[in-house]
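Participant: The structure that follows is given in the form of structure tokens.
In full-length UniProt numbering, the protein residues as written are 1 to 611.
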């Protein structure tokens, strides 16, 4: 008896050609017994499972066959799976003979047949990305990890301050302790004096002043030395000096000069980090969506502060020396990781270099870049030139980098923006402890909310500036919003726990957003400015100039806070509000140029661009 099978698939696009099924003409019982050896029933290999499979209705077997055919698309079934976007209806003759689906590959193993599974979905996802994409993601993750470790090692001192000088009247005194001064018996000498805030300010500035001075030279060295070696040595040395600060607890060192010298050396070696990681990321990523990518990437600053606060808070009450030793070991470990895995440029692994000036091809230029002189190897030329010099071997000079349009304005803006940010970085835990009367660990944990807000603020600043093309305007708007929020936080921020959390998140986003945008996307934009005529060795120097100028403000902020705080915390916040207003004023010329672009007076590229 002859039987035939017909398969009809109804889709949204119409009828799909019938699936080619086996039309068997009168198979004998012996042939059918052989065919059962080559297919495995879905109910298992047991006798009960085989009975259920034989007794299953023909439509059920057809549905099983169709599912296996679509799920493992090969050959003709691949076309079927692409067209199968609607409802499927199967019409099969009741006595049709079912052969195994053509997509199921049968493999003989030890005398039996088994089906080979297709490529795993996760592997298909991995192989869908190009080699360049994987390398870019890997470099972004590595540099994120590196600078997270840098900031993680800076944070402990702000957490330990409230432990070095405590309110001894609320501390339980051991019975066997011989106390000579009831007011300072629990403090760590020499920070047990009345001028402890000034001493803390000295420690902060030993780090920040040397960091600011060293940053100007660090970029010059970064352009001329291999970034992999430069970063690795910097992180190893930073780990060493961070551990030495913590060892002062175990060695029972009470000399201010010891801790001050450690801070000076640590400030110098920490300058290796920022110009190198920004230059490395700038080598791998073009200008398209740079603000958003670097806004997400720049969250390493806040992530490092959060992790540093949490790690230091674990040990601060029992043995504050471990609050420095553990972060020191972490950054030293990342230095070893950098030595083995960092790739400085795409060309080193035969990847495609990014396109930094895609809008030049279309003839559209942002207002910030218009009428700018050409710079080649540090020399300035006002003559327009259509020729682009590719990869000159000579690095740009300091004066040549300083002459790039926009570098001075953003540098001075960052000076005051970083003044505010670093004042919170070093003094917020102590402020919360004094005003809200939290202990050292609780104040440190609460201060992490400021950095959480900074993560969101940095991402939003990059996203908005990418779409609008207005880096300066985005920074200016956020700085203007930060001034009244700082005023409100000082007056109502400590009334309740919910108010404190909300104000810390908002202030963190508005304060750290412009700081993150300038130090990342703006620095990379100016370091690959069109006036450089293809000079690829200017990014580290430009980054060092901008961040070095900002570091001057980072040094002034904690110093001024230490000098002003004895007169009252209100005066400290007035100083921070004034700094935000001054930061806005330095961007006024660039904001005016960007406003001209939005009014249509000059051509401007808007919207997101490809990387």
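The beta-carbon is built from N, C-alpha and C at its ideal position, and this holds for glycine as well.
In whole angstroms, give me the CA-to-CA distance for residue 119 and residue 348.
Facilitator: Roughly 31 Å between the two C-alpha positions.
Participant: Would DSSP call residue 599 helix, strand or coil?
Facilitator: Coil at residue 599, not helix or strand.
Participant: Find out if the Cβ-Cβ distance for the pair residue 271, residue 214 is shorter than 8 Å.
Facilitator: Yes.
Participant: With a floor of 4 residues, list each alpha helix (DSSP H) that falls wholly inside the segment 568 to 593, ordered by position along the chain.
Facilitator: Counting only runs of 4 or more, we get 569 to 586.
Participant: Who are the near neighbours of residue 241 in its chain, counting only those whose CB is closer than 7 Å to its CB and skipping five residues on each side?
Facilitator: Contacts found: 262, 265, 266 and 269.
Participant: Below 8 Å between beta carbons: does that hold for residue 334 and residue 191?
Facilitator: No, the pair does not count as a contact, with Cβ atoms beyond the cut-off.
Participant: Is the beta carbon of residue 339 less than 8 Å from the beta carbon of residue 228?
Facilitator: Yes, Cβ-Cβ distance for residue 339 and residue 228 is below 8 Å.
Participant: When the distance is taken between beta carbons, is residue 153 closer than 8 Å to residue 331?
Facilitator: For residue 331 and residue 153, yes; Cβs fall inside 8 Å.
Participant: Could you tell me the alpha carbon to alpha carbon distance between residue 614 and residue 148, rounded to whole angstroms?
Facilitator: The chain is shown only over 1 to 611; residue 614 falls outside these bounds and no answer can be derived.
Participant: So residue 166 is in the alpha helix (DSSP H); what residue range does that whole segment cover?
Facilitator: Careful: residue 166 lies outside any alpha helix (DSSP H) and carries neither H nor E.
Participant: Can you tell me which of the three DSSP states residue 352 falls into?
Facilitator: Looking at residue 352 - three-state DSSP - the assignment turns out to be coil, as it is neither helix nor strand.
Participant: So residue 546 is in the alpha helix (DSSP H); what residue range does that whole segment cover?
Facilitator: Taken as a continuous stretch (DSSP letters only), the alpha helix (DSSP H) holding residue 546 covers 539 to 564.
Participant: Give me the Cα-Cα distance between residue 239 and residue 593, rounded to the nearest whole angstrom.
Facilitator: Cα-Cα distance, rounded: 44 Å.
Participant: Could you check where the alpha helix (DSSP H) with residue 435 kicks off and where it finishes?
Facilitator: Residue 435 -> alpha helix (DSSP H) spans 407 to 435.
Participant: Starting from residue 312 and walking both ways along the alpha helix (DSSP H), at which residues does that stretch end?
Facilitator: Segment 300 to 315, the alpha helix (DSSP H) holding residue 312.
Participant: Using a Cβ-Cβ cut-off of 7 Å (strictly less than) and excluding sequence neighbours within five positions of residue 426, which residues of its own chain qualify?
Facilitator: 158, 204 and 558, listed in sequence order.
Participant: Output the boundary residues of the alpha helix (DSSP H) element that contains residue 521.
Facilitator: Run containing residue 521: none; DSSP gives neither H nor E here.
Participant: Would a C-beta distance cut-off of 8 Å place residue 512 and residue 573 closer than the cut-off?
Facilitator: Not in contact: residue 512 and residue 573 (Cβ atoms no closer than 8 Å).
Participant: Grab me the residues of residue 470's own chain with a C-beta within less than 7 Å of its C-beta, minus the 5 sequence neighbours each way, in chain order.
Facilitator: The answer, listed in chain order, is 594.
Participant: Whole angstroms are fine: how far does the CA of residue 398 sit from the CA of residue 208?
Facilitator: Taking the straight line from one Cα to the other gives about 22 Å.
Participant: Identify whether residue 118 lies in helix, strand or coil by the three-state DSSP scheme.
Facilitator: Three-state DSSP puts residue 118 in coil, outside helix and strand.
Participant: Between residue 456 and the rest of its own chain, which residues show a CB-CB distance below 6 Å, the 5 nearest in sequence each way excluded?
Facilitator: Closer than 6 Å at the Cβ level, and outside the excluded window around residue 456, lie 509.
Participant: Taking residue 522 as the reference, which of 553, 281, 496 and 432 has the closest Cα?
Facilitator: If we check each option's Cα against that of residue 522, 281 comes out closest.
Participant: Can you give the Cα-Cα distance for residue 467 and residue 599, rounded to whole angstroms?
Facilitator: In a straight line, the C-alpha of residue 467 is about 16 Å away from that of residue 599.
Participant: Would you kindly check if the distance between the Cβ of residue 586 and the Cβ of residue 409 is under 8 Å?
Facilitator: Yes, Cβ-Cβ distance for residue 409 and residue 586 is below 8 Å.
Participant: State the DSSP-derived secondary structure class of residue 297, mapped to helix, strand or coil.
Facilitator: Helix, per DSSP.
Participant: Less than 8 Å between C-beta atoms, sequence neighbours within five positions excluded: which residues of the same chain meet that for residue 297?
Facilitator: So the qualifying residues of the chain are 140, 143, 144, 281 and 520.
Participant: State yes or no: is the C-beta of residue 328 within less than 8 Å of the C-beta of residue 243?
Facilitator: Their beta carbons are under 8 Å apart, which means residue 328 touches residue 243 by this criterion.
Participant: Report the residue from 226, 326 and 354 whose alpha carbon sits nearest the alpha carbon of residue 247.
Facilitator: Closest by alpha carbon: 326.
Participant: In its own chain, which residues sit with a C-beta less than 7 Å from the C-beta of residue 218, not counting the 5 before and 5 after it?
Facilitator: So the list reads 271, 272, 275 and 544, once near-sequence residues are dropped.
Participant: With respect to the alpha helix (DSSP H) encompassing residue 441, which residues constitute its N-terminal and C-terminal limits?
Facilitator: Per DSSP, residue 441 belongs to the alpha helix (DSSP H) from 440 to 468.
Participant: Alpha carbon to alpha carbon, how far is residue 563 from residue 189?
Facilitator: Using only the alpha carbons, I get a separation of about 20 Å.
Participant: If I measure Cβ to Cβ from residue 527 and keep anything under 7 Å in the same chain, skipping five residues before and after, which residues do I get?
Facilitator: The answer, listed in chain order, is 282, 538, 539, 542 and 543.
Participant: What are the boundary residues of the alpha helix (DSSP H) that residue 131 is part of?
Facilitator: Residues 131 to 154.
Participant: Grab the span of the alpha helix (DSSP H) containing residue 285 for me, first residue to last.
Facilitator: Note, residue 285: premise wrong, no alpha helix (DSSP H); not H, not E.
Participant: If the criterion is Cβ atoms closer than 8 Å, does the pair residue 156 and residue 308 meet it?
Facilitator: Taking 8 Å as the Cβ cut-off, residue 156 and residue 308 qualify as a contacting pair.
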